[in-house]
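Colleague:
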Amino acid sequence: MFRTTDIVLIAVMIGTAAVTYRIKQSAESELEHINKIRTQIRLEHDTINLLQADWSLLTQPKRLQKLVELYQPQLNLQPTTAEQIVTLDQLPMRPVEMPKPDPQAAGQVAQNNPDKTVTGSLKK
Amino acid sequence: MIRRWLKKIRRSDETADDTIVLDGSRKSTGGRAGSRILMMGVMFFCVYGVIAGRLVYYGSHKEEDSGPPPARPTEARPDIVDRNGEILATDIKTASLYAEPRHIVDVDEAIDKLHTVLPDLNYEDTYRKLKSHAGFVWLRRQLTPKQEADILALGVPGLGFRTERKRFYPGGSMASHILGLVNIDNKGIAGMEKYIDEQGLSILQATGLATQQDLKPFRLSIDARVQHIMHDELTQSMEKYRAIAAGGVVLNAKTGEVLAMVSLPDYDPNNPYNALDKDRFNRMSNGVFEMGSTFKTFTTAMALDSGKVHLSDKFDTTHPLHYGRYTIHDYEPKHRWLTVPEIFKYSSNIGTALEAEKVSIEHNQQFLTNLGLLTRVPFELPEIATPEQPKVWKPINQITIAFGHGVATTPLQTAVAGMAILNGGLLIEPTLLPRTQAEADEHTKRVIKASTSQDMKYLFRLNVEQGSGRQAKVPGYFVGGKTGTAEKVVNGKYSHTKNFDAFMAAFPIDDPQYVVLVVLDEPKPYGGWPATAGANCAPTAGNIIRRTAPILGVEPEFGHQLGALLVSYH
């Protein structure tokens, strides 16, 4: 009754079942992994939200003003006055700086030998 | 091998059969079949009976409640941010602690451990709760994430958390009237929160499409810094001048965007227990007031725009005006003929009334309607009041309306009309949403001639240089403004002690970028000054402009007054 083909078929069946089981198992574990990451992402999103709220709470103008008043002696922060705001074209030109005459160079000019050219004002 | 073995078995069966004497084959099978069927029937009956019984049991039996109640479905809302992206309102998730007393092993230990994280936990109350046989009790709502983590770390069995979404306003009361409120289900019930719902958010939520990640932040035209400065200055002024209420608005004169709007007293939207108190409504858009002398701006503009009055014209303010049983006085009578700029500068009631008389009543009414002062202003906020005006305009009404008595408008629309007078004659619908210049042009309507606007700017500057608005001067920023001190109606009569003060300003007045309106309700005299707008609203507006102008990027201009400029080069 049981032929070799039957045995082979049974073996194939068992083999297929094993492979299917493995695939299913790994798919399930992948799914679990995905769910875990999804939860993590959601958690991160919530954290980002919370941190943003926290940041805006910490940078509230009201809070900053209070801190400025509190640390006035140390920081001495003052509101900007209109006089402190100047545009670039309102500034005068930077004064031109003349290079200082080099005394050595000047001395060299004086020590040069008299010019060979003879003019009428000089006696030969 | 298997085959051989099977053959052997078969062979032995055959030998056994040989010995049996056969009855009728029908008898041999039929006799046993009847009992088998009966047995099967009884078995099936028993099985189904058990199932049916169990069903009845589950149907009638009430499951003991355990575990938390079903979550309250709180819908996600978009963040609300200001024009620079600063968060004004956001959703945060908070954890609420519950306990299942049945699963708690040692109540005393659990409470002791909880005490380390929640020091203010009521011992007796908690003990009673945990000793009860209830399946579920709330211990503390809305914990911080740190407390949640700490409690989790305690590892007490029978404790659990349920996350809840909660609307959070980092600015507190700073912009409460603009942002409005949400109810416990995170639905907008006032202010911009309600407006957002009406713009289709409620449909998104109903179809389940609104999730926290998909909703884009909702941007407003508000600037949180300007809003704070306005709130801060008004709070100080309200205290200093002992006013019962204060309010202010800053408008972009080119686009009609509202940069700041404050109405005091206000409420904290994070804890709005007093939000519905009678005196905490939004005065700027939902309160109507007789604006007093501020209205002279519109009368003067009307008279000049009609061409019947010119800046150099003179009017006789020597004597009070008599109209039937009414007499119109000046606050500071000059007893002489005044030119139009002088009338504006000294805020002469008589002079302004005479100016108004030059224009027909119909034209007067039409002019104010065109300026949007007599109709409901189109605005995003749901809280908008309708102005009040006399049913029939009689000559006496025209006279009193000329100096701001007899017509009650919202401060917001007064600022909007003032903006139209000063920005070259264009009435722009105000908005709380960011708007470009091109978009603003679609909502713009010319109401007065550009030349009239030019004259009005001159008058506004004159009033700050020499008139009642002197205290609003800010060096570097050419402020122009008009004060208004209206007597309030108490028991049907104008009271001489209770004022409603307003100051409308624009800066820089040669080409206004921003319009500021400040109002104080029933301020008291301060520092030897009477309780007039020039003494309280004007300096408040001046402070606001001084602090906000650099933030708003308005370039200071000293013109010919420019002194030495200190420059150091390194």
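Here the protein sequences line up with chains S and V, keeping their order. Quick note on the numbering used here: the first sequence kicks off at 639 and runs consecutively. Quick note on the numbering used here: the second sequence kicks off at 26 and runs consecutively. Built from N, CA and C at the ideal position, the CB exists for glycine as well. Note that the structure is predicted; figures quoted are calculated from it, not measured.
Mind listing which residues of the stretch 681–694 of chain S have their C-beta closer than 9 Å to chain V's C-betas, in chain order?
Modeller: If the cut-off is 9 Å between Cβ atoms, the stretch 681–694 of chain S has H683, D684, T685, N687, L688, Q690, A691, D692, W693, S694 near chain V.
Colleague: I'd like to know whether the C-beta of Q678/S is nearer than 9 Å to at least one C-beta of chain V.
Modeller: It does not; no Cβ of chain V falls within 9 Å.
Colleague: Let me make sure I understand the geometry here. Which of E111/V, K118/V, S85/V has the alpha-carbon closest to that of A101/V?
Modeller: Ranking the options by Cα distance to A101/V, first place goes to K118/V.
Colleague: By how many angstroms is the C-alpha of T725/S removed from the C-alpha of P575/V?
Modeller: Answer to the nearest angstrom: the Cα atoms are 13 Å apart.
Colleague: For the ligand FAD, any of its heavy atoms closer than 8 Å to the Cβ of G567/V?
Modeller: In the structure shown, the ligand FAD is absent, as is every other ligand, since no ligand is present at all.
Colleague: Here's a check: name, in chain order, each residue in its chain whose Cβ is nearer than 6 Å to the Cβ of A20/V, leaving out the five neighbours to either side.
Modeller: No answer is possible for residue 20/V: the residues shown for chain V start at 26 and end at 595.
Colleague: Quick test of the definition: if touching needs 3 or more C-beta pairs under 8 Å, does the stretch 528–535 of chain V touch the stretch 504–517 of chain V?
Modeller: As far as the Cβ criterion goes, the stretch 528–535 of chain V touches the stretch 504–517 of chain V, which means the pair count is three or higher.
Colleague: Rounded to whole angstroms, what's the CA-CA distance from E582/V to T719/S? Just pull it up for me.
Modeller: Spanning the two alpha carbons is a distance of roughly 12 Å.
Colleague: Going by C-alpha distance, which of V181/V, L240/V, L245/V is nearest S108/V?
Modeller: A quick correction: the sequence has Arg, not Ser, at residue 108/V. The option with the nearest alpha carbon to R108/V is L245/V.
Colleague: Examine chain V for any beta-carbon lying closer than 9 Å to the beta-carbon of P737/S, and answer yes or no.
Modeller: So no, P737/S is outside the interface.
Colleague: Is the CB of V384/V under 9 Å away from at least one CB in chain S?
Modeller: By this cut-off, V384/V is not an interface position.
Colleague: Starting from N296/V, trace the alpha helix (DSSP H) in both directions and tell me its first and last residue.
Modeller: Segment: none, N296/V is in no alpha helix (DSSP H) and carries neither H nor E.
Colleague: For the stretch 698–734 of chain S, list the beta strand (DSSP E) runs that are entirely contained and at least 3 residues long, ordered along the chain.
Modeller: Runs of the beta strand (DSSP E) inside the stretch 698–734 of chain S: none found.
Colleague: Where does the unbroken alpha helix (DSSP H) through Y519/V begin, and where does it stop?
Modeller: It is not in any alpha helix (DSSP H) - Y519/V instead sits in the beta strand (DSSP E) that spans 518–532.
Colleague: From the DSSP output, read off the bridge partner residues of K507/V.
Modeller: K507/V is bridged to M529/V.
Colleague: Helix, strand or coil for F485/V, going by three-state DSSP, please let me know.
Modeller: Note: F485/V maps to helix in three-state DSSP.
Colleague: Just to confirm before moving on: does the CB-CB distance between R165/V and L146/V stay below 9 Å?
Modeller: Closer than 9 Å, so yes.
Colleague: Going by C-alpha distance, which of N277/V, L113/V, M286/V, A278/V is nearest L259/V?
Modeller: Selected option, being the one with the closest Cα: M286/V.
Colleague: Tell me the DSSP bridge mates of E464/V?
Modeller: According to DSSP, E464/V bridges with nothing at all.
Colleague: Where do the N-terminal and C-terminal ends of the alpha helix (DSSP H) with V287/V fall, by residue?
Modeller: That residue, V287/V, is in no alpha helix (DSSP H); its beta strand (DSSP E) goes 283–289.
Colleague: So, does the CB of I723/S fall closer than 9 Å to a CB anywhere in chain V?
Modeller: Chain V, which has a Cβ nearer than 9 Å to the Cβ of I723/S, makes this yes.
Colleague: If we define contact as Cβ-Cβ less than 9 Å, is T643/S a contact residue for chain V?
Modeller: Not an interface residue.
Colleague: Are E218/V and I105/V touching if we call contact CB-CB under 9 Å?
Modeller: Contact flag set, yes.
Colleague: For chain S, check one thing: does any of its Cβ atoms lie closer than 9 Å to the Cβ of Y539/V?
Modeller: No, because no Cβ of chain S sits closer than 9 Å to the Cβ of Y539/V.
Colleague: Name, please, each residue of chain S whose Cβ falls closer than 9 Å to the Cβ of F193/V.
Modeller: Ordered by position in chain S, the residues that pass the 9 Å Cβ test against F193/V are A691, L695.
Colleague: When DSSP labels each residue in this structure, what does E100/V get in the three-state scheme?
Modeller: Correct three-state label for E100/V: coil.
Colleague: Pull up the CB-CB distance for V207/V and R192/V, whole angstroms please, since I reckon it's below 8 Å.
Modeller: With a Cβ gap of about 5 Å, V207/V and R192/V count as contacting.
Colleague: Please report the residue range of the beta strand (DSSP E) in which S694/S lies.
Modeller: From DSSP, S694/S is part of no beta strand (DSSP E) but of the alpha helix (DSSP H) over 642–696.
Colleague: Interface residues of chain S around I112/V at Cβ under 7 Å?
Modeller: In chain order: Q690, A691, S694.
Colleague: Going straight from the alpha carbon of L587/V to that of M444/V, what length do you get?
Modeller: Bear in mind that a pLDDT of 42 at L587/V, under 50, signals an unreliable position, so the number given afterwards is only what the model happens to contain. If I take the Cα positions, the gap works out to 28 Å.
Colleague: Round the Cβ separation of L122/V and I209/V to the nearest angstrom and send it over; I've been treating them as touching at under 8 Å.
Modeller: Not a contact, Cβ separation roughly 19 Å.
Colleague: Going along chain S in order, which residues have a C-beta closer than 9 Å to the C-beta of Y502/V?
Modeller: Residues of chain S passing the Cβ test: A720.
Colleague: Rounded to a whole number of angstroms, what is the C-alpha to C-alpha distance between N448/V and H468/V?
Modeller: If you take the alpha carbons of N448/V and H468/V, they lie about 14 Å apart.
Colleague: May I have the straight-line CA-CA distance separating D248/V from H354/V, to the nearest angstrom?
Modeller: Answer to the nearest angstrom: the Cα atoms are 42 Å apart.
Colleague: Note down the Cα distance separating T151/V from A120/V, rounded to an integer number of angstroms.
Modeller: Straight-line Cα distance between these residues: approximately 18 Å.
Colleague: Please return the same chain residues whose Cβ sits closer than 6 Å to the Cβ of H256/V, not counting the five positions on each side in sequence.
Modeller: M199, V287, listed in sequence order.
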